[in-house]
Amino acid sequence: MVRNDTSLAIQTHFNEAEQEINATLSLFPEFKNEADLYSSFGLLTPKTILAHCTIMTEYEIQKLHDFGCGVAHCPTANMTVGGGFMAAPVKEFLRRGINVGLGTDSGGGYSSSMLNAMRHALITSYARDALYPTFEQAKETSVSGDKRGGKEALSLEEVFYMATQGGAKVVGLDDKIGEFALGREFDALVIDLRDQRSGVNVPLDEDDSTPRMLEKFIMTGDDRNIVQVYVKGRLVHGE
Numbered sequence: 001m002v003r004n005d006t007s008l009a010i011q012t013h014f015n016e017a018e019q020e021i022n023a024t025l026s027l028f029p030e031f032k033n034e035a036d037l038y039s040s041f042g043l044l045t046p047k048t049i050l051a052h053c054t055i056m057t058e059y060e061i062q063k064l065h066d067f068g069c070g071v072a073h074c075p076t077a078n079m080t081v082g083g084g085f086m087a088a089p090v091k092e093f094l095r096r097g098i099n100v101g102l103g104t105d106s107g108g109g110y111s112s113s114m115l116n117a118m119r120h121a122l123i124t125s126y127a128r129d130a131l132y133p134t135f136e137q138a139k140e141t142s143v144s145g146d147k148r149g150g151k152e153a154l155s156l157e158e159v160f161y162m163a164t165q166g167g168a169k170v171v172g173l174d175d176k177i178g179e180f181a182l183g184r185e186f187d188a189l190v191i192d193l194r195d196q197r198s199g200v201n202v203p204l205d206e207d208d209s210t211p212r213m214l215e216k217f218i219m220t221g222d223d224r225n226i227v228q229v230y231v232k233g234r235l236v237h238g239e
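Per full-length UniProt numbering, the sequence shown starts with residue 1, numbered consecutively.
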């Protein structure tokens, strides 16, 4: 079906855990990796969304790049679903120009909050930087003896991008959503960070810039700070 209709979107798990990879390849022993298996059936296309991608070889990363596939990074699920600590090489995906968006994996994790997904994307990238070797780059030991090289750690800006424009690109809707721009649909949250919000702890300072306030909301805010939600210009939550 996919070979006959290239407009079809495809979404599937990909290289999430060792047991998944082993089980898949046991059914198709003629293949040595999931990338070759999927591509043999025409399942790797620019409209393919591959969830997880935590256990990746250099060969498979390049394959995803060559086919133009998108990645749904689900850090909350990857840290909690079992099968060991799994941290996708997201920084390397971004370096290669592979589109990456954030996902929650629905029932695979404990939270469907995109705020949590952003926070966990940061945490898992820091852990990967500390624990795993970088791709084609030697780690450098800092003066303090810390072996983190910083090559795998994501920035807050990159995490926010994956939650907005990156996700829009992965689902093929970046011409409609994902940013505030002329011709885009107005999808927006109205955020209130004032300390009058009951039970909310966002430590604002008088001289905080807008980027600083965004950082504090992402790292310490929650749903109680969201007072209005707009979808395609229509108010769907709040007054």
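Even for Gly, the Cβ is constructed at its ideal location relative to N, Cα and C.
Residue burial classification, residue i (beta-carbon count within 10 angstroms, cutoff 16)
{"i": "Glu16", "result": "buried"}
{"i": "residue 242", "result": "Outside the modelled stretch of the chain, which goes from 1 to 239, sits residue 242, for which no answer is possible."}
{"i": "Ser155", "result": "exposed"}
{"i": "Asp207", "result": "exposed"}
{"i": "His52", "result": "buried"}
{"i": "Val190", "result": "exposed"}
{"i": "Gly107", "result": "exposed"}
{"i": "Val90", "result": "buried"}
{"i": "Gly178", "result": "buried"}
{"i": "Thr76", "result": "buried"}
{"i": "Glu157", "result": "exposed"}
{"i": "Thr6", "result": "exposed"}
Beta strand (DSSP E) segment containing residue i, residue limits
{"i": "Arg194", "result": "Note, Arg194: premise wrong, no beta strand (DSSP E); not H, not E."}
{"i": "Leu235", "result": "Arg234 to His237"}
{"i": "Ile10", "result": "Ile10 to Phe14"}
{"i": "Ile49", "result": "Thr48 to His52"}
{"i": "Ala72", "result": "Gly70 to His73"}
Where the alpha helix (DSSP H) through residue i begins and ends
{"i": "Arg119", "result": "Met114 to Leu131"}
{"i": "Gln228", "result": "First-last for Gln228: Ile226 to Val231, but that is the beta strand (DSSP E), not the alpha helix (DSSP H)."}
{"i": "Gly167", "result": "Gly167 to Val170"}
{"i": "Val159", "result": "Leu156 to Tyr161"}
{"i": "Glu152", "result": "Element bounds for Glu152: n/a, residue is neither H nor E."}
{"i": "Asp36", "result": "Glu34 to Ser40"}
{"i": "Gln26", "result": "It should be noted that the sequence gives Ser, not Gln, for residue 26. Segment Glu18 to Leu27, the alpha helix (DSSP H) holding Ser26."}
{"i": "Lys216", "result": "Thr210 to Thr220"}
Inter-residue CB distance, residue i and residue j (contact presumed, cutoff 8 angstroms)
{"i": "Thr54", "j": "Asn78", "result": "6 angstroms"}
{"i": "Arg119", "j": "Ala87", "result": "Not confirmed; about 14 angstroms, so no contact."}
Task: At least three beta-carbon pairs within less than 8 angstroms, the region 168-181 to the region 59-75 - done: yes
- [ ] Please specify which runs of the alpha helix (DSSP H), each continuous and at least 4 residues long, are wholly inside the region 86-111, giving them in chain order.
- [x] 90-95
TODO: Check whether the region 105-116 touches the region 215-232, counting contact only when three or more Cβ pairs, one atom from each stretch, lie closer than 8 angstroms.
DONE: yes
Open item on the list: Measuring CB atoms only, is the region 153-168 touching the region 90-109, in the sense that at least three cross pairs come out at less than 8 angstroms?
Closed with: yes
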